[in-house]
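Before any comments, here is the structure.
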Amino acid sequence: MDFQIKAILNTLPVDVTFIDSEDTVRYFNQSKDRIFVRTNAVLGRKVQKCHPQKSIHIVNRILDEFKSGKSDMAEFWINMGGRLVYIRYFAVRDETGKYLGTLEVTQDVTRIKQLEGEKRLL
0 MDFQIKAILN TLPVDVTFID SEDTVRYFNQ SKDRIFVRTN AVLGRKVQKC HPQKSIHIVN
60 RILDEFKSGK SDMAEFWINM GGRLVYIRYF AVRDETGKYL GTLEVTQDVT RIKQLEGEKR
120 LL
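Heads up: the sequence shown at position 73 corresponds to 72 in numbering that gives the first Met the number 0, and the numbers run straight through without jumps.
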């Protein structure tokens, strides 16, 4: 991967993980304050082996809906260690609509949720 693209993805204030069309983990960024720690050991592993047994049926349902074209996004939010964590899954498709995989985006939205009013650039 181009070093600039890698640096951009690692700078984003979100965790990003890509699972290919065969449910295999192919990429994750290394954001500064990563919520869900990833090691290189997950690369090449089936995503089902990266989740607790009790949630595998949900993972499979999301992937099945993405593969069938029934949906393109799933979202959840959880309270974790005093933080509000927003987790979104997006179906990744090519220009013809063919399913290429799933992008997981996780973000700590605690501070965002507390914003009020406005703050302008200047």
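Heads up, the beta-carbon is just placed ideally off N, CA and C, and yes, glycines get one too.
Where the beta strand (DSSP E) containing residue 83 begins and where it ends: 82 to 92
The region 9 to 27 contacting the region 43 to 56, beta-carbon criterion three pairs below 8 Å: yes
Residue burial classification, residue 115 (beta-carbon count within 10 angstroms, cutoff 16): exposed
Proximity to residue 96 [Cα-Cα], best of 58, 69, 21 and 117: 69
Per DSSP, cross-strand counterpart(s) of residue 17: 26 and 102
For residue 21 and residue 13, the rounded distance between their alpha carbons: 24 Å
Alpha-carbon to alpha-carbon, residue 75 and residue 89: 12 Å
For residue 78, the first and last residue of its enclosing beta strand (DSSP E): 72 to 79
Buried or exposed (CB count within 10 angstroms, at least 16 for buried), residue 29: exposed
Assigned secondary structure, residue 107 (DSSP; H/G/I helix, E/B strand, else coil): strand
Assumed close pair residue 109, residue 82 - CB separation to whole angstroms, cut-off 8 Å: 5 Å
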